[in-house]
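Worksheet: one structure, shown below.
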Amino acid sequence: MSMTPLEELRHSASHIMATAILRLFPEAKLDIGPPTDTGFYYDIDLDHKLTAEDLVKIEAEMKKVADENQPFLRKEVSREEAVEIIKSRGQERYKLGRLADIPEGEKISFYQNGEFMDLCAGTHVRYSSKLKAFKLLSIAGAYHRGDEKNKQLQRIYGTAFPTKDELAAYLEQQEQAKARDHRKLGRDLKLFVIDEDVGQGLILWTPNGSIVRQELQNFISGELHKQGYSQVFTPHIGKLELYKTSGHFPYYKESQFTPVVENVSLAQILSEGCSCAEMVVRLEAVSAHLASQINARTGKETITPDRVKPDAQLLDGFMLKPMNCPHHIKIFASQPHSYRDLPVRLAEFGTVYRWEQSGELNGMTRVRGFTQDDAHLFCTEEQVAAELIGCLALVKIVLTTLGMSDYRVRVGLRDPDSNKYTGDSANWDKAEAACRAAAQTLGVPFTEEPGEAAFYGPKIDFVIKDVIGREWQLGTVQVDYNLPVRFDLSYIGADNQPHRPVMIHRAPFGSMERFCGVLIEHFAGDFPAWLAPEQVRLVPISEKQLDYGRDLLTQLKAAGVRAILDEHNDKLGAKIRRAELEKIPYTLVLGGKEAEARSVSVRSRARGDEGVQPFVQYLEKLRSEIATRALPEVKRA
RNA sequence: GCCCAGAUAGCUCAGUUGGCAGAGCACGUCCUUGGUAAGGACGAGGUCGCCGGUUCAAAUCCGGUUCUGGGCUCCA
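Listed below in structure tokens is the structure:
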């Protein structure tokens, strides 16, 4: 295994950190300490809870180790010798397990620097003095081997660079990333709020944010119309039965909100003194009961009922919908379909609710209630390929229009070693081939990732990075052979026989919340004119021009432009500054000369002062910029 | 859910050993009537996240809780 010079440096930094930690805390038990994309970490087991002050001490000790200019020495040993070394150093708690991970026949090596010696494949820098620019960043809990059943260890994160300048540049870049974090911009630009009393992970779209979202929805709705979609509306809840049929309940109940139980049933179980736990059991009993019915109907063991209770103990209720598909399926199934009707494309901005773990919530990008720009396509097998290409084209239009070019495409396939997938493998082969072929039409590189498929079919995901480098799945297109079976969907073919349709799930934005969060960071709050909550700020030089300003405001509003007249009693510079900070695309300065000539002095946020021009001429250009959803053309230096 | 760290005015933050709650920006009124990123004066604004405890006295110490941040786990 070879490392890049930077990885080598960071990996060595983690060894040096371990050296320092053992000097300060000789009882520490080490697990692993690899380099990462942005630095390094080491997982250690230590009863003492590390604090920020400890980090300072460890960092100081690391500096000493670096200054001691210790050589890194490689030593290859037999497995038996390795066990001896580990034991002699009192590090058997985790290191023996790590040793056991090394396959028979592979070389076993240790690296030694000074008094420290660690099981390690390498490679390393030659001397510890190479470590000139490093910084310890944070302490975090991390489960041994990433399994939450295992003990949680203390992980120390740090970073290292070849030079101090590069380290400083990295830290500076991290600071700048914070400035475009959607959580900060969302507050500063008044785009959304999350209120503790409403609930964590639940987004309140304020007027400004709602404009951005509404514009995006209008945009996608226009595209849907062109591509032959029908828009539908469905409620936010559905009976448990529905989700049992779809397979969402109870198999994903840990990531759903607790079911809503009807008043009468609730009163009854309360009068019986039924505990919460019993209630869950009885709700599940409904599921098991229904599962047995479905198994009988489809003749397949699509669901294995783990418990079937007598009808008397059944309890019914409703669930906040975790997905829109069951509702759309019921619309499709509400009437017979001929092959001539297909594809049927049902679209909805459908709000769904999922019980994400509290520690996973994050601004707009990981929430508990969100609106998917969802659609379900019901088509024949022959139509799958063409429909997939249509879906991908839609995602491409969205990304191109918004100037988002920094994304990767992931084709999620079955994990060959897993049996969690439903449906027969011939269908899977076809669906995977269709996804692969469709992805190839995108003209961008994509990766095929086994194990990333949904349980009902393969998918094509668009993954984009946020400013801190975290990746988020946005647009997704998924092929589904499973739900049509569960809901026993059919259409009448040319042969006058019923056939099973194939479903495609797709959401070009993914969710409005996550997409807007990433979009805020993508534009750093500088939205193109068509998305900007306020498109034009009218700035009179003095109150003598207020009447002219009101006149233009009326005309702008009549033209459908979102404009505000700044009536504050401030000097021009202050008003301009305010408009800049609020990231308004256009500021129109109105002085005596402009009022006289019915002109405006245009200041573009992207390009600066653009000089005076007749108001009607400016309005025409602006309307065109908005109508074409143009991206701001940044002035070239 | 787990580990660590936080929560003071709308925002960003200060607040010493426990002893009357602070600043800048934003906001309001007035003065100023201006030419492309901050003119001036005055004013209003806080149950120091919430609940409990210790104390003559708690923003400050202790316990609990809610929420936030960084990770881990998870993401149909």
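Just so you know, we're using the working numbering here: the first sequence kicks off at 23 and counts up by one. No residue lacks a Cβ here, since even glycine has one placed at the ideal position from N, Cα and C.
Comparing alpha-carbon positions, the option among CYS142, ILE225 and LYS86 lying closest to ILE130 turns out to be CYS142. Between ALA476 and PHE468, the CB-CB gap reaches or exceeds 7 Å. Taking C-alpha positions only, ILE542 is separated from GLY532 by approximately 15 Å.
Just so you know, the alpha carbons of ARG492 and ASP53 end up roughly 25 Å apart. About 5 Å separates the Cβ atoms of ALA369 and LEU246, confirming a contact at the 8 Å cut-off. Buried is the label assigned to ARG625, since at least 16 other Cβ atoms lie within 10 Å of its Cβ. Per DSSP, reduced to three states, the secondary structure at MET426 is coil, with no helix or strand assignment. Closest by C-alpha distance to VAL524, out of VAL611, VAL501, ALA35 and ASP123, is VAL501. By the Cβ rule, the stretch 174–193 does not count as touching the stretch 350–367, because fewer than three pairs are nearer than 8 Å. The residue among PRO229, LEU159, ARG209 and VAL366 with its C-alpha nearest the C-alpha of GLU409 is VAL366. PRO272 is classed as buried because its beta carbon has at least 16 other beta carbons within 10 Å across all chains shown.
The beta-carbon distance between THR387 and VAL622, rounded to whole angstroms, is 39 Å. This is too long to meet the 8 Å contact definition. In summary, PHE138 is buried, with 16 or more beta-carbon neighbours lying within 10 Å of its beta-carbon over all protein chains present.
The shortest CA-to-CA distance from GLU470 to any of LEU464, THR463, GLU454 and TYR478 is the one to GLU454. Looking at the backbone, the Cα of TYR608 and that of ASP548 are separated by about 11 Å.
In the structure shown, ALA164 falls within a strand segment according to DSSP collapsed to helix, strand and coil. The residue among ASP338, LYS615 and VAL254 with its C-alpha nearest the C-alpha of ILE353 is VAL254.
The beta-carbon distance between LEU213 and GLY231, rounded to whole angstroms, is 4 Å. This is short enough to meet the 8 Å contact definition.
SER268 is positioned such that its CB atom lies closer than 7 Å to that of PRO348. Taking a contact as a CB-CB distance under 8 Å, the pair GLU114 and ILE108 counts as one, their CB atoms being some 5 Å apart. In this model, ASP631 and ASP396 are separated by some 42 Å (Cα to Cα). One thing to note: GLY339 has its Cβ within 7 Å of the Cβ of VAL283. Here the stretch 417–435 lies against the stretch 482–491, with 3 or more beta-carbon pairs under 8 Å apart.
PHE132 and GLU98 have their alpha carbons spaced roughly 6 Å apart.
Of ALA554, ARG528 and THR650, the smallest CA-CA separation from ILE606 is found for ALA554. Contact annotation: LEU95 and GLN134 have beta-carbon atoms nearer than 7 Å. Membership of GLY55 in any beta strand (DSSP E) is not indicated, and neither H nor E is assigned to it by DSSP. The C-beta distance from ILE216 to LEU226 rounds to 7 Å, short enough to meet the 8 Å contact threshold. Shown here, ILE242 sits in a helix according to DSSP, grouped into three states.
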